Amino acid sequence: MESRQAFGPPFSERKRKRPDIIADTLRERMIEANMHPGDRIPSEWLDPASLGASRGTVREALKILEFQGMIASKTGPGGGVFVRSVKPSEAIQMVTNLFLQEPPSIANIYALRKKLEPELAADAARDLPFDALQGLQETIRLYQKKPETTEEEYVQRLAELDFHAELARHATNPVLGFTCGLLLNLLRDLAECRAIYQTRNPGLRESGVFYQIELIKAIGARDRTRARDIMTEHMIEAEAYMLARARLNRGAD
46 MESRQAFGPP FSERKRKRPD IIADTLRERM IEANMHPGDR IPSEWLDPAS LGASRGTVRE
106 ALKILEFQGM IASKTGPGGG VFVRSVKPSE AIQMVTNLFL QEPPSIANIY ALRKKLEPEL
166 AADAARDLPF DALQGLQETI RLYQKKPETT EEEYVQRLAE LDFHAELARH ATNPVLGFTC
226 GLLLNLLRDL AECRAIYQTR NPGLRESGVF YQIELIKAIG ARDRTRARDI MTEHMIEAEA
286 YMLARARLNR GAD
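Note that the sequence shown covers residues 46 to 298 in our numbering.
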């Protein structure tokens, strides 16, 4: 029942509270009016009488929209309620938090990564700007040096994920970039993945550096097919390692 509600329409299967309904009404008005970040919400939209609600209920509805990152309130001269720009990183973290209670499996994550990351690599080989390519090279430099401690190796593992995050940030398809960014955030935050990254494995760093250097070469050459093939191989190897390590960790518990 809960899973069906999570993906159902707003008014399905359960009695919704009045502030939630008003928040949805205001959100729909913002969409229909094609409002943009910085636009002021018309004061008549927020009139309790026109909404058929008390002032307290309207305030609760505005708090919901503010929590969702859709609006911001300003006081003083020129104040009011304004449309807010939601940063992708904020949205990704909010969705990540949704999965922390009932985390997806590593297999779930890599089922998507194996499909999406190769397309992200091909996208980069077609359109990635030169300065962004230099940014990828700088990211690799953070973990080329052999780590001396477990803590250093863990930091380097996260830096390897940052390489992929840079590709996602520059994706020409924003839905592709957002989805890849979400998968990376899950790998950073899920307890099972953190435990794996904190396990020493010097060979893993060397393998990651190899794939990413080869990928940079393919992107620089604008070879989309080569970039896609390299990332596919990288994702298959990464999945195999993560799944094997997860089985070992569960066996040790």
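Where is the CB? At the ideal position from N, CA and C, for every residue including glycine. This structure is a prediction, so every number in the text was calculated from the model and none was measured.
Contact with chain C by residue i, beta-carbon distance below 8 Å
i	result
GLN179	This model lacks chain C altogether, as it is built from one protein chain only.
Cβ pair residue i, residue j closer than 8 Å
i	j	result
ARG171	ARG273	no
PHE127	ARG85	yes
ARG129	ILE137	no
PRO143	GLY265	Note that residue 143 is Leu in the sequence shown here, rather than Pro. No, they are not a contact pair.
LEU205	GLY180	According to the sequence shown, residue 205 is Glu rather than Leu. No, they are not a contact pair.
TYR286	LEU249	yes
LEU235	PRO122	no
HIS215	LEU157	no
LYS160	GLU284	no
Residue i, DSSP secondary structure in three states
i	result
ILE116	strand
VAL200	helix
ARG290	helix
VAL220	helix
VAL128	strand
ARG100	helix
ARG186	helix
ARG85	strand
GLY121	coil
THR194	coil
GLN243	coil
HIS279	helix
GLN146	coil
ASP92	coil
ASP268	coil
MET80	coil
LYS160	helix
Distance between residue j and residue i (C-alpha atoms, nearest Å)
i	j	result
PRO24	ALA169	Residue coverage of the chain in this structure runs from 46 to 298, which leaves residue 24 outside it and unanswerable.
ASN218	ASP176	19 Å
MET80	ALA213	27 Å
PHE208	ILE109	35 Å
MET280	ARG61	42 Å
ALA106	ILE67	6 Å
MET139	LEU91	26 Å
GLY226	ARG239	17 Å
GLY101	PRO64	9 Å
GLU193	VAL254	17 Å
TYR256	LYS262	10 Å
VAL131	ASN246	38 Å
LEU288	GLU278	16 Å
LEU228	SER95	43 Å
GLU198	ILE154	22 Å
ASP69	LEU203	38 Å
GLU135	LYS191	33 Å
Close Cβ partners of residue i (< 6 Å) along its chain, the five nearest in sequence each way excluded
i	result
MET276	GLU162, PRO163 and ALA166
Proximal residues to residue i (C-beta, below 8 Å), its chain only, five neighbours per side dropped
i	result
SER99	PRO93
THR244	ARG290 and ASN294
ILE258	ILE185
THR224	LEU157 and LEU161
GLY124	SER118
Other residues of its chain near residue i: CB distance less than 7 Å, five sequence neighbours each side excluded
i	result
ALA291	ILE151, GLU237 and ILE241
GLU282	SER252
LEU260	ALA166, ALA272, ILE275 and MET276
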